[in-house]
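Numbering (full-length UniProt numbering), first residue to last: 1 to 941.
Every residue gets a Cβ at the ideal spot worked out from N, C-alpha and C, and that includes glycine.
Just below is one structure, and these are the notes that go with it.
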Amino acid sequence: MENLSATLRHCHTSFSLRKPNRRYLINPLKYNHSSTCFSLDIKHALSSESIPTSVSLALSSSSSELYPLTELKNCDDLASVKAVHARVMKMFDRFDLESLISRYLEFGELGYACAIFFMGFPRNQVSWMGFLEEVESFGLERHRVLEEFVQLQSKGVNFDEVVLAMVLRICSVLMNELLGFTIHGGLIKRGAVRSDTRVVSALMGFYGRCVSSDIANKVFDEMPERDDLAWNEIMMVNLRSGEWEKAVELFREMQFCAAKVYDRTMVKLLQVCSSKGRLEEGRQIHGYVLRLGFEANVSVCNSLIVMYSRNGEVESSRKVFDSMKDRDLSSWNSIISSYTALGYVDDAMALLEEMERCGFKPDIVTWNSLLSGQGLYRSAIAILKRMQVSGLKPNSTSITSLLQAVAEPGLLSLGKAIHGYVIRNQLCYDVYVETTLIDMYVKTGCLPYAKLFFDTMDEKKNVVAWNSLISGLSYAGLVQDAEGLMSKMEKEGGIKPDAVTWNSLVYGYASCGKTEKALDVIEKMKRNKVEPNVVSWTAILSGCSKNGNFRNALKVFINMQEEGVFPNSATVSTLLKVLGCLSLLHSGKEVHCFCLKNNLISDAYVATALVDMYTRSGDLRSASVLFWGIENKPLASWNCMIMGHAMFGQGQEGIAVFNKMLEAGVEPDAITFTSVLSLCKNSGLVREGWEYFDLMRSRYGVTPSIEHCSCMVDMLGRSGYLDEAWDFIQTMPMKPDATIWGAFLSSCKIHRDVELAEVAWKRLQVMEPHNSANYMMMISLYSSLNRWEDVEHIRDSMRSQRVRVQDLWSWIQIDQRVHVFYAEGEAHPDEGEIYFELYRLVSEMKRSGYVPDTSCIHQNESEAEKEKLLLGHTEKLAMTYGLIRKKGSDPIRVVKNTSICSDCHTVAKYITVLRNREIVLQEGSRIHRFRDGQCSCNDSW
DNA sequence: ATAGGGTTAG
Numbered sequence: 001m002e003n004l005s006a007t008l009r010h011c012h013t014s015f016s017l018r019k020p021n022r023r024y025l026i027n028p029l030k031y032n033h034s035s036t037c038f039s040l041d042i043k044h045a046l047s048s049e050s051i052p053t054s055v056s057l058a059l060s061s062s063s064s065e066l067y068p069l070t071e072l073k074n075c076d077d078l079a080s081v082k083a084v085h086a087r088v089m090k091m092f093d094r095f096d097l098e099s100l101i102s103r104y105l106e107f108g109e110l111g112y113a114c115a116i117f118f119m120g121f122p123r124n125q126v127s128w129m130g131f132l133e134e135v136e137s138f139g140l141e142r143h144r145v146l147e148e149f150v151q152l153q154s155k156g157v158n159f160d161e162v163v164l165a166m167v168l169r170i171c172s173v174l175m176n177e178l179l180g181f182t183i184h185g186g187l188i189k190r191g192a193v194r195s196d197t198r199v200v201s202a203l204m205g206f207y208g209r210c211v212s213s214d215i216a217n218k219v220f221d222e223m224p225e226r227d228d229l230a231w232n233e234i235m236m237v238n239l240r241s242g243e244w245e246k247a248v249e250l251f252r253e254m255q256f257c258a259a260k261v262y263d264r265t266m267v268k269l270l271q272v273c274s275s276k277g278r279l280e281e282g283r284q285i286h287g288y289v290l291r292l293g294f295e296a297n298v299s300v301c302n303s304l305i306v307m308y309s310r311n312g313e314v315e316s317s318r319k320v321f322d323s324m325k326d327r328d329l330s331s332w333n334s335i336i337s338s339y340t341a342l343g344y345v346d347d348a349m350a351l352l353e354e355m356e357r358c359g360f361k362p363d364i365v366t367w368n369s370l371l372s373g374q375g376l377y378r379s380a381i382a383i384l385k386r387m388q389v390s391g392l393k394p395n396s397t398s399i400t401s402l403l404q405a406v407a408e409p410g411l412l413s414l415g416k417a418i419h420g421y422v423i424r425n426q427l428c429y430d431v432y433v434e435t436t437l438i439d440m441y442v443k444t445g446c447l448p449y450a451k452l453f454f455d456t457m458d459e460k461k462n463v464v465a466w467n468s469l470i471s472g473l474s475y476a477g478l479v480q481d482a483e484g485l486m487s488k489m490e491k492e493g494g495i496k497p498d499a500v501t502w503n504s505l506v507y508g509y510a511s512c513g514k515t516e517k518a519l520d521v522i523e524k525m526k527r528n529k530v531e532p533n534v535v536s537w538t539a540i541l542s543g544c545s546k547n548g549n550f551r552n553a554l555k556v557f558i559n560m561q562e563e564g565v566f567p568n569s570a571t572v573s574t575l576l577k578v579l580g581c582l583s584l585l586h587s588g589k590e591v592h593c594f595c596l597k598n599n600l601i602s603d604a605y606v607a608t609a610l611v612d613m614y615t616r617s618g619d620l621r622s623a624s625v626l627f628w629g630i631e632n633k634p635l636a637s638w639n640c641m642i643m644g645h646a647m648f649g650q651g652q653e654g655i656a657v658f659n660k661m662l663e664a665g666v667e668p669d670a671i672t673f674t675s676v677l678s679l680c681k682n683s684g685l686v687r688e689g690w691e692y693f694d695l696m697r698s699r700y701g702v703t704p705s706i707e708h709c710s711c712m713v714d715m716l717g718r719s720g721y722l723d724e725a726w727d728f729i730q731t732m733p734m735k736p737d738a739t740i741w742g743a744f745l746s747s748c749k750i751h752r753d754v755e756l757a758e759v760a761w762k763r764l765q766v767m768e769p770h771n772s773a774n775y776m777m778m779i780s781l782y783s784s785l786n787r788w789e790d791v792e793h794i795r796d797s798m799r800s801q802r803v804r805v806q807d808l809w810s811w812i813q814i815d816q817r818v819h820v821f822y823a824e825g826e827a828h829p830d831e832g833e834i835y836f837e838l839y840r841l842v843s844e845m846k847r848s849g850y851v852p853d854t855s856c857i858h859q860n861e862s863e864a865e866k867e868k869l870l871l872g873h874t875e876k877l878a879m880t881y882g883l884i885r886k887k888g889s890d891p892i893r894v895v896k897n898t899s900i901c902s903d904c905h906t907v908a909k910y911i912t913v914l915r916n917r918e919i920v921l922q923e924g925s926r927i928h929r930f931r932d933g934q935c936s937c938n939d940s941w
């Protein structure tokens, strides 16, 4: 209740005319804020047709000897006031008109009141003041007020400080710098700046909005005495212009001077914390809320709910909500949207029941809160039904939310259903709904429908509609078409491309490998006076990354910094992915520092990307420490951590993480199970693999995908259950693709089952005749059985199919340089030195019992020759170079682009003992950590 | 309230 009266106090303003002590209250609920209504009102007010017939009849019979003034006073309803109005139109007495304005305001008819005010009758200070307050609270007709003001001022009319203060507030809303400066000048002449704090506060507000917060702060500093209004004003100025540090400093000073903080200042403080992810500061302000006695203030508490919810802290939101003695409708709406925003639809529905029990009737905002948020499409229909039962029709916002919820691949049928529903029920079909419909069709991958619907929009197409389609084309790799559509937008629609248009194109080009073209677009933007922003640069970065063009991505990042664009959390997440894919641990750590310094670490994407970067770069320890330190671990971060253990073949550790995840109440998704099954596959946990595969379907409702099946085939096959793997392929729910047969062939190679291998090989020759890996597996299989004729046969077919053998390389980072060792091509400049050390190592190893394993050499050569070839393996060269050049005790980290052979695996183990050095060896998606003669994978890979 | 950039998957 207290909040309700506070709201009323805020909205109701007094309007005093002839008798300054007489105050009227206006009911804001009666007044329609829409500006179209307002102009209609003016027209109606000025035309006699607007007066209802019954009133006109009443008018003729009403006693004409009454003065309008007395008559107006006696009016009990709006119709009677209008009747008097019709008469007053002919009489034109200033006092009558002012009284009429006053009565109209009393009935909430601001439109009529404005219409009369601007009729141009002579006005005094008092009428201006009352009127200005109205204008300020309803935000209407500001331009006309300023025009009037300037005119009257030029005629020599003097206004007092209160009017000036209000005119200044209008100047700041309309960004009318010139008038603001003029008023300030006049004030200085009159010495008013020193006297009236209402004017000075308005002046600070004006400078804060129109010029800069610096000047506002200067005006504040020069005030000889500051009252609560001035303190709160300068706080608002700094909060609005994003000067957070300054605002915090002022807030502390306010406590020190015992200045009273207004509730709207508290609300603004909390709003900034909501939108800028300032959870820590938000918590501290919560402390002040309690200390300053705002815990009974409903608006402040509502802002606290929103602040916690935007920062992902639903539980704290709930605590605030539960602690409130009084609640209003927006308290309920805020807590409901806290739950829906994070996808807790069930809790939100429970709250809906509770609010109804407490006697609150859900309004359209309540229903729309329920309809927005993640993963709501499962419950949307039920919510819609209840909404309609309660007598409310979905509005454009409701439909927009619904469409956004289903705008993902695979939900096209739901999207179409909503479209049909809108048409059948003749629901609002405004420009928001239309553009969201296009976007829904784009995001569900249904470009033809998007195009069809777009074409029906005719002249109503706005830049958002065009951009939706342009981005759809760019995303689908049809960047030329996107560019074509852009020119069409310019020519036919007469609409200039904006940053969004360009950024879509930038992504489009970068993601199909045309980095140069993407950079050209950025240059073109500059020429067209659209400043490329951080999104543009992140778009190229991400495009390059999607395309696997990691080196280019890094170049782009450097380029971006040279352009003076500062990276944000999206940039950093993408960059970390790139660094992880290149295993650039050292640079990754630098980015980690950058995140700490710039407060990006609290971002869920960034935190997850960091965990991923550390695991991919082979530093599982750092990944683990970081991961367990994340306060609210996002699902993706659990998935990364499990995958990390999978990469290292640490089955039990990974399963432990998975169990912790379940304990934490996090629902595993399809990706979680891909990670868990990889875990079982890489660690030979066949029994567990089967269990999880069943659990996934029965308990968590995750439909097995081709990735899951591929893991199963790989797991079974590698562990020697070739028949089971074969049966699995025959009975799996989808058609086996090349990855399935590839995994199967790989297993057949390991277990030397030629018969089954040849079956898989036949299919693969059809499915992916140009994948050299398959040929290599066959060569390896035949050579391990000394079937050299078959080896030659495979090599022949490679030549005839023009299959290129994949380049083999390993690399190691030493200081800031990356040293790459290629199997063929240019030798490393220090090769002599490396071989010298390698030979020395091998002879030491042989004394300790090392026997070279030449099974991976597929050339029909002598044993001595094979041994020589074995020594040339790129990972051996890189490891040895690390031993020579990397001093200290940090592990030697080597990355190889293809799988390592068992001999290199053995050699690495020997090195850890002989040189007392840890080695981390990465091969594609698997990582080996060697220590004290052992490997983390327990030799099962 | 509608459009552009972000983490996880062989």
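Here LEU304 is buried. Its C-beta has 16 or more other C-beta atoms within 10 Å. C-alpha of SER569 to C-alpha of ALA623: approximately 19 Å in a straight line. Note that the C-beta distance between VAL433 and THR400 is below 8 Å. Annotation for GLN922: the continuous beta strand (DSSP E) segment containing it runs 919-923. If you draw a straight line from the Cα of ILE170 to the Cα of VAL530, it comes to about 30 Å. By the CB criterion at 8 Å, ILE834 and TYR881 fall inside the cutoff. Per DSSP, the unbroken beta strand (DSSP E) holding ARG893 starts and ends at 892-896. At least 8 Å separates the beta-carbon of ILE671 from that of PHE658.
A buried status is given to TYR377, since no fewer than 16 other beta-carbon atoms sit within 10 Å of its beta-carbon. Under DSSP, ILE927 shares a beta bridge with GLN922. By the C-beta density criterion, SER390 is exposed, having fewer than 16 other C-beta atoms within 10 angstroms.
For TYR262, no alpha helix (DSSP H) encloses it, and the DSSP letter there is neither H nor E. Shown here, TYR822 sits in a strand according to DSSP, grouped into three states.
The beta carbon of LYS526 is closer than 8 Å to those of PRO532 in its chain, skipping five residues each way along the sequence. Its Cα nearest to that of SER587, the residue GLN813 stands out among GLU863, CYS358 and GLN813. In the three-state scheme derived from DSSP, where H, G and I count as helix and E and B as strand, GLN271 is classed as helix. Pairing ALA499 with TYR509 gives a Cβ-Cβ distance that is not under 8 Å. Leaving aside the five residues that flank TYR429 on each side, the residues in its chain whose CB is nearer than 7 Å to its CB run, in chain order, VAL422. The shortest C-alpha to C-alpha distance from ASP807 to any of GLN801, GLU824 and ASP228 is the one to GLU824. Taken through DSSP and simplified to helix, strand or coil, ARG787 comes out as coil. Annotation: SER317 to LEU370 spans about 16 Å, alpha carbon to alpha carbon. Restricting attention to LYS451, PRO497, ASN639 and LEU541, the CA atom closest to the CA of GLU667 is found in ASN639.
For THR906 against ASP853, the beta-carbon gap comes to about 6 Å, under 8 Å, which counts as contact.
With a 10 Å radius around the Cβ and a threshold of 16 neighbouring Cβ atoms, GLN859 comes out exposed. Taken through DSSP and simplified to helix, strand or coil, ARG226 comes out as coil. For SER810, the enclosing beta strand (DSSP E) stretches over residues 809-814. Across the structure, GLY618 and GLU918 are spaced so that their CA atoms are roughly 12 Å apart. Inter-segment contact for the segment 681-688 and the segment 715-726 is present: three or more beta-carbon pairs are separated by less than 8 Å. Rounded to whole angstroms, the gap between the alpha carbons of LEU351 and GLU768 is 55 Å. Closest option to LEU575, judged by alpha-carbon separation, among GLU562, SER602, LYS546 and GLU563: LYS546. Pairing HIS645 with GLU691, the inter-Cα distance amounts to about 19 Å. DSSP places ALA664 in no alpha helix (DSSP H); its state is neither H nor E. With 16 or more other CB atoms across the displayed protein chains lying within 10 angstroms of its CB, VAL406 is buried. Residue pairing for CYS935: DSSP places it in a beta bridge opposite PHE930. Between the alpha carbons of CYS512 and GLY548 lies a distance of about 10 Å.
Contact between ALA465 and MET457 holds, since their C-beta atoms are separated by about 6 Å, short of 8 Å.
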